[in-house]
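Each remark here refers to the structure printed beneath this line.
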Amino acid sequence: MARNTEVTRQWEILREIDGARIGLRIPKLAASRGVHQRTIRRDLEALSAAGFPLYDEKINGSTVWKLKSKPFRGLEDTGLSIVELCALYFSRTLLMTMSGALLLADAERALAKIERALPASCRKFLDDLPVMLKAKVAGRKKHDDRQVREVLARAIDASLAHRRVSMRYHSHSSGRAKEYVVEPHRLSYVDGGVYLTAWVPEYGEMRNFAAERIQTLMLLDDRFSPRPLPVEPFANSLGAYSATPEHVEIEFDAASAKYVISREWHRSQAFDMRPDGSAVMRLDVCIDRPLRSWILGFGAAARVLAPVALAQEIFEQLDEACKRYSPRLAFEMLKMNADTLEAASALRRPRLGRAS
Numbered sequence: 002m003a004r005n006t007e008v009t010r011q012w013e014i015l016r017e018i019d020g021a022r023i024g025l026r027i028p029k030l031a032a033s034r035g036v037h038q039r040t041i042r043r044d045l046e047a048l049s050a051a052g053f054p055l056y057d058e059k060i061n062g063s064t065v066w067k068l069k070s071k072p073f074r075g076l077e078d079t080g081l082s083i084v085e086l087c088a089l090y091f092s093r094t095l096l097m098t099m100s101g102a103l104l105l106a107d108a109e110r111a112l113a114k115i116e117r118a119l120p121a122s123c124r125k126f127l128d129d130l131p132v133m134l135k136a137k138v139a140g141r142k143k144h145d146d147r148q149v150r151e152v153l154a155r156a157i158d159a160s161l162a163h164r165r166v167s168m169r170y171h172s173h174s175s176g177r178a179k180e181y182v183v184e185p186h187r188l189s190y191v192d193g194g195v196y197l198t199a200w201v202p203e204y205g206e207m208r209n210f211a212a213e214r215i216q217t218l219m220l221l222d223d224r225f226s227p228r229p230l231p232v233e234p235f236a237n238s239l240g241a242y243s244a245t246p247e248h249v250e251i252e253f254d255a256a257s258a259k260y261v262i263s264r265e266w267h268r269s270q271a272f273d274m275r276p277d278g279s280a281v282m283r284l285d286v287c288i289d290r291p292l293r294s295w296i297l298g299f300g301a302a303a304r305v306l307a308p309v310a311l312a313q314e315i316f317e318q319l320d321e322a323c324k325r326y327s328p329r330l331a332f333e334m335l336k337m338n339a340d341t342l343e344a345a346s347a348l349r350r351p352r353l354g355r356a357s
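The opening position of the sequence shown corresponds to residue 2 in our numbering, with each subsequent residue numbered one higher.
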């Protein structure tokens, strides 16, 4: 942990110097980090040894530290600063959470080319920042990465060229595969999966297709004119669903209200705080599985106030959960009581000793 703290501090120093137009003095760097000036000098030496182009300069009688803006061959043409290049280097961590997602392989190849502009010593320094930037994703969809990449590559080509495609899609709701002719408009990475938004002439509407359930996709010669799309995909859902939004009100108790109001769950959310610390959340979203799962995740801490139909659904699901748990819990309670009685009975039994 000590080494991680040291390297993280050095990265912060590098960023601070890079953002200063006329450079920074060591006393100011020490004060902002809360460390001794000798520590800052050692950090600057370590950064210089790692290959970062730091240099000192006298300005008005004081020594300031600066970072060369174009230190490496190849950076001049990109227009990227050294810190911007390092930020791109770090972004690999975020890309890894989207394993199998659209354009991932292409993005990784592009990053590899950019990284070559950094000296090996700089890359080594950046690799020593294991705690600075991490990302975790839950519920990533399982699929055949190779097949999905091939399907997405064709879908991107079709969307850019405005060409219709013929695809075979396995519907989750019907449980069967069906042939579609669609007009690809957009690919979105949402809720751990990739979705193709396409106009379906057969139905006269825009629909969303999960990439992992597209079995085949072939470009056709037919062209189409792009249709307007919402700025945000699945804008009315907490997940990856499309439907007409409804007004929803949820009451959260005081223990969970602080957590709920500290995050943005949906752009339409608003809160009414109560004197006891509880809160009522108001938002306009579609009534779908992501919303129900989110509410149920709070257990007794949340109570749906509106609409009544949603409150009834949540009540029925909680009631069904209680019924599923009850037999098992009742058995465990009986077993525990029996074990307790047996233990108490054993303590009351007289001990038989050897007769003298």
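C-beta: ideal position from N, C-alpha, C; glycine also. Quantities reported herein were computed from a predicted structural model and do not represent experimental measurements.
- For P276, the closest of D254, L119, I157, E7 by C-alpha to C-alpha distance is D254.
- When rounded, the separation of the alpha-carbon atoms in R42 and L30 is 10 angstroms.
- In this structure, Q11 sits near L48, with a CB-CB distance shorter than 7 angstroms.
- In this structure, the beta-carbon distance from L119 to W66 does not fall below 7 angstroms.
- Around H248, the same chain offers D285 as residues with beta carbons nearer than 6 angstroms, after the five sequence neighbours per side are excluded.
- By the Cβ rule, the stretch 238–245 does not count as touching the stretch 170–183, because fewer than three pairs are nearer than 8 angstroms.
- Contact check between the stretch 249–269 and the stretch 297–314: three or more CB pairs, one atom from each, fall below 8 angstroms, which counts as touching.
- A159 is a Cβ neighbour of L220, given a cutoff of 7 angstroms.
- Counting C-beta pairs with one atom in each stretch, the stretch 315–326 and the stretch 266–283 have fewer than three that are closer than 8 angstroms, which means they do not touch.
- Checking the DSSP bridge columns, you'll see I60 partnered with S63.
- Non-local beta-carbon contacts of A50 in its own chain, meaning distances under 8 angstroms to residues more than five positions away in sequence, involve S122 in chain order.
- K142 has its alpha-carbon roughly 10 angstroms from the corresponding atom of V191.
- Within the DSSP bridge table, the entry for S257 names no partner.
- Residue burial annotation: C323 is exposed, with fewer than 16 other C-beta atoms found within 10 angstroms of its C-beta.
- In the DSSP annotation of this structure, the continuous segment of the beta strand (DSSP E) that includes D285 starts and ends at 280–286.
- As DSSP reads the structure, W12 sits in no beta bridge.
- Secondary structure note for P185: its beta strand (DSSP E) is the uninterrupted segment 178–191.
- By the neighbour-count criterion, in which 16 or more other beta carbons inside 10 Å mark a residue as buried, Y260 falls on the exposed side.
- Contact between E184 and R165 holds: CB atoms are separated by about 5 angstroms, below the 8 angstroms threshold.
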